[in-house]
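J.: Pasting in a structure now, in structure tokens, and then I'll have a few things to ask.
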Amino acid sequence: MQVKFVHWLVTAATAAAIAAGTGYGIAAPADRSAVTDDRAYVYRIPGAAQLPQSRLAGFDLIEDRDGDDLFVLGDAATALQLKAAGLHPSVEQKLTPAGGQAPKRSGQAPALTEAVAEETYNGGYRTVNAQYAHLDQVAADHASLATVVDIGDSWRKSTGRPGGYDLKAICLTVKQSGSCRLTPNSTKPRFLLQAQVHARELTTGEMAYRWIDYLTDGYGSDATATKILDTREIWVVPIGNPDGVDMVQQGFTGGPSGQQWHRKNANHTHSTTTCAEGPSTGSGIDLNRNNSSHWGGASTSSQPCDPVYKGRSADSETENKALQALYRKLFPDTRATGDSAAAAAGTQGMFVTLHSYANMVLFPWGFDGDTGSGNDAALRAMGKEMARLAGGWQYGQPGEILYDASGGHDDWAYDQLGVPSFTWEIGPSSGACAGFHPAYSCQNTFWNQVRPMLTYAAGKASSPYGGASATRT
């Protein structure tokens, strides 16, 4: 079977050095002493896609699949845990954290200046403050098109801890009476794009940044961007997990290198001990496992230090409370309860949450690939077209082409509101642009794939299920 080489670092020289020492069939390290503390491994687990989900509980499954083989991110000790679970790991890739400049500011900048807007890490990725400065600048430069909205607080800020952030969104449209109001009775169909809920997935924030610029800079000169803003209300949450992203960017800029792999938010109060930060462990709650739609099911863990820790209760996290409140304010509820219930044919709106990586378009239900939603045919048709526009990605329910995962944002939005909801896994499974931390130059390739998907999704917001407009409540 062909080896997949997953490149996570900035420079080609570093990536090549890593690849030279890896390959399918290498024995997994016996313990942590086999490598330095900050070394990470990608393990291949043969046949894992056919195993009961309970056999994989608590492991950090990467959004990738090769036939029936799945992949787990971890450290040296993870190999022992996998073997103890009766699995047969082999090393697919060895990874070394990238270095960087002196640490950037931790926490929200008191003033979002031009200098703040230029803050980057890992070769060009924007810091949280740079993303927020960008929102403010866009609103200043395009006052007739853009409105910045504070939708809540991060866990650190909500609890008075240092290093916290606001959660921010931007509304983009040609403004008219009633535009950008936080009520589901909108005058134009809405499309919400959400990014970087999993903190380490750097590409997603960059795609949100470029989408904002494409629409606002292109209005009046690009026919597609102009039509979208004339007829749609576009909402973007560029950073859904700012505390977690802060931890990641600190890991790249002189802080603890293990934080480069941080996936969750910063809420460390669920554990009675300190969770080490690294590729197989960390503090916080996985926001994409904490939502109440089928909470606690497949691909979740009850152990606080596990990467897929679901939290003590559904919808417990302040970031998810803020995001869910935004969903409810943007989209009316057009769907009855029950897994097989369909949303109204005239439902308007579209929701996409960005993740990485695997070049996949996923749609509900995520909690069980054997359970189809009431709008499966329409979701599947849209997913197929999105995948085609991207250049030939895979598409389907997570359990069909990846693995079951419960408590996700896309399941919640569809479950509670009926709005068509998709997860896009951006980035290839192998090659120089694969992984959570691809070289920044890879973003040009990704944008060329994602942009036609975004314009398609915006267009479908008026009648995604093919019926007349549903009555708004």
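Anchor point for the sequence shown: position 419 equals 400 in this note's numbering, and the numbering is continuous, going up by one each time.
By construction, the Cβ of each residue, glycine as well, lies at the ideal position given by its N, Cα and C atoms.
Beta-carbon separation of residue 278 and residue 387 under 8 Å?
T.: The count along the sequence shown starts at 1 and reaches residue 278 at position 297. The count along the sequence shown starts at 1 and reaches residue 387 at position 406. Closer than 8 Å, so yes.
J.: At which residue ranges does the region 371 to 453 contain complete alpha helix (DSSP H) runs of 4 or more residues, listed in the order of the chain?
T.: Here the runs fully enclosed are 379 to 382, 390 to 398 and 423 to 441.
J.: Just curious, the alpha helix (DSSP H) that residue 233 is in, first and last residue?
T.: For the purposes of this step, residue 233 is identified with residue 252 of the sequence shown, where counting begins at 1. Looking at the DSSP string, the run of the alpha helix (DSSP H) that includes residue 233 is 223 to 233.
J.: Taking the alpha-carbon positions, what's the residue 65 to residue 140 distance?
T.: Your numbering for residue 65 matches position 84 in the sequence shown. Your numbering for residue 140 matches position 159 in the sequence shown. Approximately 38 Å between the Cα atoms of the pair.
J.: Roughly how many whole angstroms lie between the Cα atoms of residue 384 and residue 185?
T.: In the sequence shown, counting from the first residue as 1, residue 384 sits at position 403. In the sequence shown, counting from the first residue as 1, residue 185 sits at position 204. About 21 Å.
J.: Quick one: is residue 36 buried, meaning 16 or more other Cβ sit within 10 Å of its Cβ, or exposed?
T.: Residue 36 sits at position 55 when you count from the first residue of the sequence shown. With fewer than 16 Cβ atoms within 10 Å of its Cβ, residue 36 is classed as exposed.
J.: How should residue 69 be labelled, buried or exposed, when 16 other C-beta atoms within 10 angstroms of its C-beta is the threshold for buried?
T.: The residue given as residue 69 occupies position 88 in the sequence shown. Exposed, since its Cβ has fewer than 16 Cβ neighbours within 10 Å.
J.: Hey, residue 457 and residue 146 are a contact pair by Cβ (cut 8 Å); roughly how many whole angstroms apart?
T.: Not covered by the structure: residue 457. The range shown for the chain is -18 to 454.
J.: Apart from the five residues just before and just after residue 63, which ones in its own chain have a Cβ nearer than 6 Å to its Cβ?
T.: Numbered from 1 along the sequence shown, position 82 holds the residue referred to as residue 63. 70.
J.: Within 10 angstroms of its Cβ, does residue 95 collect 16 or more other Cβ (buried), or is it exposed?
T.: Residue mapping note: residue 95 aligns to position 114 of the sequence shown, counting from 1. Looking at its Cβ environment, which holds fewer than 16 other Cβ atoms inside 10 Å, residue 95 is exposed.
J.: Whose C-beta lies closer than 7 Å to the C-beta of residue 118 among residues of the same chain, with five residues either side of it excluded?
T.: Taking the sequence shown and counting its residues from 1, the one referred to as residue 118 is at position 137. Same-chain partners within the cutoff: 98.
J.: In this structure, does DSSP put residue 43 in helix, strand or coil?
T.: The residue given as residue 43 occupies position 62 in the sequence shown. It is a strand residue.
J.: Excluding the five sequence neighbours on either side, which residues of its own chain have a C-beta within less than 8 Å of the C-beta of residue 310, listed in chain order?
T.: Sequence index remark: in the sequence shown, residue 310 carries index 329 (1-based). Correct list, in chain order: 163, 164 and 165.
J.: So, at 6 Å on beta carbons, what are the nonlocal neighbours of residue 67 in its own chain, with the 5 sequence-adjacent residues on each side left out?
T.: As a first step, residue 67 must be located in the sequence shown, where it is residue number 86. None.
J.: Since residue 475 is in the beta strand (DSSP E), which residue starts that stretch and which ends it?
T.: What the structure shows of the chain is the stretch from -18 to 454, and residue 475 is not part of that stretch, so it cannot be assessed.
J.: Count the other C-beta atoms from every protein chain shown that fall within 10 angstroms of the C-beta of residue 108, then say buried if there are 16 or more, exposed otherwise.
T.: As a position in the sequence shown, residue 108 is number 127, starting the count at 1. Looking at its Cβ environment, which holds 16 or more other Cβ atoms inside 10 Å, residue 108 is buried.
J.: May I have the straight-line CA-CA distance separating residue 454 from residue 314, to the nearest angstrom?
T.: Your numbering for residue 454 matches position 473 in the sequence shown. Your numbering for residue 314 matches position 333 in the sequence shown. Because the pLDDT at residue 454 is just 30, under 50, the model does not fix this residue reliably, and the value given afterwards should be weighed accordingly. Spanning the two alpha carbons is a distance of roughly 7 Å.
J.: Under the rule that 16 or more other beta-carbon atoms within 10 Å means buried, what is residue 9, buried or exposed?
T.: Mapped onto the sequence shown, residue 9 falls at position 28. Per-residue confidence for residue 9 stands at a pLDDT of 40, beneath the threshold of 50, marking its modelled position as unreliable; the derived number appears in the next sentence. Label assigned to residue 9: buried.
J.: Take the Cβ of residue 442 as the centre, count every other Cβ of all protein chains shown within 10 Å, and call the residue buried at 16 or more, exposed below.
T.: Residue 442 sits at position 461 when you count from the first residue of the sequence shown. So residue 442 counts as buried.
J.: Are at least three pairs of beta-carbons, each pair with one atom in the region 289 to 301 and one in the region 369 to 380, less than 8 Å apart?
T.: Not touching, per the Cβ criterion.
J.: Would you mind stating whether residue 448 and residue 326 have Cβ atoms separated by less than 8 Å?
T.: The count along the sequence shown starts at 1 and reaches residue 448 at position 467. The count along the sequence shown starts at 1 and reaches residue 326 at position 345. Their beta carbons are under 8 Å apart, which means residue 448 touches residue 326 by this criterion.
J.: Would you report the Cα separation of residue 430 and residue 340, rounded to the nearest angstrom?
T.: In the sequence shown, counting from the first residue as 1, residue 430 sits at position 449. In the sequence shown, counting from the first residue as 1, residue 340 sits at position 359. Answer to the nearest angstrom: the Cα atoms are 10 Å apart.
J.: Identify the residues that DSSP records as bridge partners of residue 102: which are they?
T.: Within the sequence shown, the letter at position 121 stands for residue 102. Note: residue 102 sits in a beta bridge opposite 106.
J.: Which value, in whole angstroms, describes the spacing of the CA atoms of residue 349 and residue 396?
T.: By 1-based counting over the sequence shown, the position of residue 349 is 368. By 1-based counting over the sequence shown, the position of residue 396 is 415. Going by the C-alpha atoms only, they are around 13 Å apart.
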